[in-house]
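Read the structure below first, then the notes.
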Amino acid sequence: MIRTQKMNRIRITGPKTNLFKLINELHSMKLIHLIDYKGKEFETGNSFSEAEIVSEKLIKLRSIISQLELNLNSRLIKDIKVCEKRFNEVYLDYIKLTSRISELTEKKNSLIYVKESIEPLYSLNIDSGYFSGYDSITVFKGTVKKPLLEKKISAAVKEFELISSKYNNKQVIALFVPEKSKEKILPLLSEHGFSELNFEQGTDLNQINSELASIEKKLTSFNSDLNELKETEGQFLVDYEFNLEKETEKLEAPLKFAVTENAFIIDGWIPEKDAKAMEEKLKKLTQDKIFIEKLKEEKDAPTAFSHPSLVKPFEFFMNLYSLPKYNEIDPTFLVFITFPLFFGFMLGDVGYGIVTLIAFLFLRRNMKGESKLLLNSLIVASLATILFGFIFGEFFGLEFVEHPLLNRAHDLNTMLLISILVGLIHITLGFVIGFYNVLIQHGLKEAVFEKGSWLIIELGGLLVLSQLVLSMTSFGNIVGGVLLLLGIILLFKGEGVQGLIELPAILSNTLSYARLFAVGLASVQLALIVNDFAAEFFSQGGIFIGVAIFILLLGHFINILLGLIGPFLHSLRLHYVEFFGKFYKGGGKRYLPFGIEKN
Amino acid sequence: MVELNLGLIAIGAGIAIAGTAFAAAIAEKEIGSAAVGAMAEKEELFGKALILTVIPETLVIFGLVVAIMILGLAPAP
Chain G
1 MIRTQKMNRI
11 RITGPKTNLF
21 KLINELHSMK
31 LIHLIDYKGK
41 EFETGNSFSE
51 AEIVSEKLIK
61 LRSIISQLEL
71 NLNSRLIKDI
81 KVCEKRFNEV
91 YLDYIKLTSR
101 ISELTEKKNS
111 LIYVKESIEP
121 LYSLNIDSGY
131 FSGYDSITVF
141 KGTVKKPLLE
151 KKISAAVKEF
161 ELISSKYNNK
171 QVIALFVPEK
181 SKEKILPLLS
191 EHGFSELNFE
201 QGTDLNQINS
211 ELASIEKKLT
221 SFNSDLNELK
231 ETEGQFLVDY
241 EFNLEKETEK
251 LEAPLKFAVT
261 ENAFIIDGWI
271 PEKDAKAMEE
281 KLKKLTQDKI
291 FIEKLKEEKD
301 APTAFSHPSL
311 VKPFEFFMNL
321 YSLPKYNEID
331 PTFLVFITFP
341 LFFGFMLGDV
351 GYGIVTLIAF
361 LFLRRNMKGE
371 SKLLLNSLIV
381 ASLATILFGF
391 IFGEFFGLEF
401 VEHPLLNRAH
411 DLNTMLLISI
421 LVGLIHITLG
431 FVIGFYNVLI
441 QHGLKEAVFE
451 KGSWLIIELG
461 GLLVLSQLVL
471 SMTSFGNIVG
481 GVLLLLGIIL
491 LFKGEGVQGL
501 IELPAILSNT
511 LSYARLFAVG
521 LASVQLALIV
531 NDFAAEFFSQ
541 GGIFIGVAIF
551 ILLLGHFINI
561 LLGLIGPFLH
571 SLRLHYVEFF
581 GKFYKGGGKR
591 YLPFGIEKN
Chain R
600 MVELNLGLIA
610 IGAGIAIAGT
620 AFAAAIAEKE
630 IGSAAVGAMA
640 EKEELFGKAL
650 ILTVIPETLV
660 IFGLVVAIMI
670 LGLAPAP
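The listed protein sequences derive, respectively, from chains G and R.
Counting from 1, one number per residue, gives the positions in the first sequence under my numbering.
Counting from 600, one number per residue, gives the positions in the second sequence under my numbering.
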């Protein structure tokens, strides 16, 4: 729990004839974390020949899925043989439907275009036959931007006939002028923003409308067919994609392996607890035709957590920061203990704890993955809030116990002292873990120089303080001073000048824990103000009781929101900055076994 | 004159909080905008960005500690 899962590096060698069988088995086992072959002695393998066909199918499948906007959860299909036939049928149906739909849509659009160009002319109420067929007359038909007045035309030409009407806020005109006066009228028309509308012989608005209606009908029927296809086959398509993806994973696995003409080498990590069972299973599968070699190596091993389900949610904080390296302490368990305590200490109110608990339980129902982890950890935190609420004797800011264990609104000095003490313990714990980390990674000497020095400095500082400020001891100054000097020398040897520069940080880090009570103080004061404010209205009675209730609801709602953000961020920060800074390196690789679902 | 002294003490405590809060805000503004910029490039940096952004918050805590010490100067009511 304090360390990540122990890993074994194994190398599987065997003849290529067994390769696919082996890959299949490894894929369903979901245990081996494959290492890409990067050496120069051998070549890397090629994917199996079926890979191309499968990926082609996947492309088709994915295009349908994205077109149909399918958003479903995928499941594993057992019988993949049947799927192929079913998919081909669905694909044909789909292509047929979509090509018909796009054909009809195109036709519809061109009809709409024609309709839009002739409809204004229909508003003139002239038989379409009059628009053409003259020898000595020119017809201008179309729309103008500025109103065209007869007066202006008569200034240009003597003989003319203007018919105009309004259509969609535009003036539609049909202007008949003698052929010979055509040139004179053109400037006037362009000045008015004339645009010609074409009118093909034999087009009939009624006919177009009825055609459009029939196309529309067909389109709706095709679209409903498409929707039906989506309903009936959607789940299948998503499932099939999931399965094909797994298939490609298997088919392309040899790209990671080293191969010779007839043999392969698979390299990877597996958890030590599964190593033996896996080895036996694989040997049995291949009738002892493979050789499994265990390597004594721990460098670059992937990180796999192993936590009981109660601690598991707190992996969220490690994922957010950085995964622990294989050979360092996994602090998830410590975060599990201290995070809720810090959070509860800051929020510390029975009422707020209950409200947030209910809210988190409610939110959790529809969550998956990381957000579910976060909510689960926050649930633990709100339980701690209730616990501290009892210690502080607070319920929505009301002090329901006469003399609580701790009165945080008034005992500021006690609260400050507790916070600093907690900080001291937390930081010391960090140094101790850091000591252990360096010990297992680099040995005792380094550990004493790098982390032990800080512990000595801390102890020395405490002794000096105990005499100077609290005058608890009479020898503190001398012993403490010696220890301080010793610690600083060790630190200088271990970390150089950089270590000395960081010396004041230990003081600021410890003081930083004062936020534990500061954030809580702000929260409780706000709650008190809301309550006092509401009490004023309550005492006036009558309609003011409604106002008072409104103030209570709004005030506490806002305070709970603030109370969630503040304690969460501050608690997180105390862990990430003050605590992790003392020992944590991070940068581990996640253990991702071959065959596991990636989300 | 006691009231005047008390008022000055309160003002002193207020200045301690206000000054440090301004300082923290200015520092966080700079760091926060840079952190968001970095996160736009690489989303996994969120954890580190958060830490860097909240580091100056300690300033306010110092202010608070100082304020409490100043308030401690006030005569008991």
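Glycine included, every Cβ here is placed at the ideal spot set by N, Cα and C.
Computed from a predicted structure; not experimentally measured.
Cβ neighbour criterion (16 or more within 10 Å) applied to residue i
i	result
residue 648 (chain R)	buried
residue 576 (chain G)	buried
residue 476 (chain G)	buried
residue 382 (chain G)	buried
residue 365 (chain G)	exposed
residue 318 (chain G)	buried
residue 482 (chain G)	exposed
residue 183 (chain G)	exposed
residue 5 (chain G)	buried
residue 175 (chain G)	buried
residue 267 (chain G)	buried
residue 591 (chain G)	buried
residue 278 (chain G)	buried
residue 9 (chain G)	buried
residue 18 (chain G)	buried
residue 573 (chain G)	buried
residue 555 (chain G)	buried
residue 648 (chain G)	Since the displayed chain G opens at 1 and closes at 599, residue 648 (chain G) lies outside it and no answer follows.
residue 195 (chain G)	exposed
residue 370 (chain G)	exposed
residue 442 (chain G)	exposed
residue 453 (chain G)	buried
residue 455 (chain G)	buried
Closer than 8 Å to chain G by CB, residue i
i	result
residue 635 (chain R)	no
residue 672 (chain R)	no
residue 663 (chain R)	yes
residue 614 (chain R)	no
residue 669 (chain R)	no
residue 608 (chain R)	no
residue 660 (chain R)	yes
Contacts that residue i makes with chain R (C-beta to C-beta distance below 9 Å)
i	result
residue 576 (chain G)	646, 647, 649, 650 and 653
is_contact[residue i, chain R] using C-beta, thresh 8 Å
i	result
residue 409 (chain G)	no
residue 584 (chain G)	no
residue 505 (chain G)	no
residue 113 (chain G)	no
residue 377 (chain G)	no
residue 462 (chain G)	no
residue 224 (chain G)	no
residue 306 (chain G)	no
residue 371 (chain G)	no
residue 573 (chain G)	yes
residue 471 (chain G)	no
residue 590 (chain G)	no
Whole-number beta carbon distance between residue j and residue i, since they are thought to touch under 8 Å
i	j	result
residue 608 (chain R)	residue 673 (chain R)	5 Å
residue 428 (chain G)	residue 263 (chain G)	The pair is not a contact, with the Cβ atoms about 55 Å apart (cut-off 8 Å).
residue 240 (chain G)	residue 357 (chain G)	Residue 240 (chain G) to residue 357 (chain G), Cβ: 42 Å. No contact.
Under 7 Å by beta carbon: chain R residues contacting residue i
i	result
residue 508 (chain G)	657
residue 569 (chain G)	653
residue 512 (chain G)	657 and 660
residue 412 (chain G)	667
residue 321 (chain G)	646
residue 518 (chain G)	660 and 663
residue 515 (chain G)	660
7 Å Cβ cut-off: residues of chain G touching residue i
i	result
residue 630 (chain R)	The premise fails here: residue 630 (chain R) is roughly 13 Å from chain G at the closest Cβ pair, so nothing lies under 7 Å.
Beta-carbon neighbours of residue i, restricted to chain R and to distances below 8 Å
i	result
residue 416 (chain G)	664 and 667
residue 523 (chain G)	Ordered by position in chain R, no residue passes the 8 Å Cβ test against residue 523 (chain G), which lies about 14 Å from the chain.
Touch test, the region 323-330 of chain G against the region 349-369 of chain G, Cβ-Cβ under 8 Å, three pairs minimum: no
Would the region 40-52 of chain G count as touching the region 296-306 of chain G if we require 3 or more Cβ pairs under 8 Å? no
Assess, as a yes-or-no matter, whether the region 24-31 of chain G is touched by the region 219-238 of chain G under the definition of 3 or more beta carbon pairs within less than 8 Å. Result no; under three Cβ-Cβ pairs closer than 8 Å.
Count the C-beta pairs between the region 382-397 of chain G and the region 504-518 of chain G that are closer than 8 Å, then say yes if the count reaches three, no if not. Segments in contact, no.
The region 519-534 of chain G in contact with the region 555-564 of chain G per 3-pair CB rule at 8 Å: yes
Three or more C-beta pairs below 8 Å linking the region 372-382 of chain G and the region 335-342 of chain G: yes
Check whether the region 613-621 of chain R and the region 528-539 of chain G are in contact - that is, three or more C-beta pairs closer than 8 Å. With a cut-off of 8 Å, the region 528-539 of chain G and the region 613-621 of chain R do not count as touching, because too few Cβ pairs lie within range.
Determine, using beta-carbon pairs with one atom in the region 101-111 of chain G and one in the region 206-223 of chain G, whether at least three such pairs fall under 8 Å. A contact between stretches requires three or more CB pairs, one per stretch, nearer than 8 Å, and the region 101-111 of chain G meets this requirement with the region 206-223 of chain G.
Using 8 Å as the cut-off, can you tell me whether the region 278-293 of chain G makes contact with the region 85-103 of chain G, which would need three or more C-beta pairs spanning the two stretches below that distance? no
Measuring CB atoms only, is the region 142-155 of chain G touching the region 77-96 of chain G, in the sense that at least three cross pairs come out at less than 8 Å? no
With three or more beta-carbon pairs closer than 8 Å as the criterion, would you say the region 127-141 of chain G touches the region 219-228 of chain G? no
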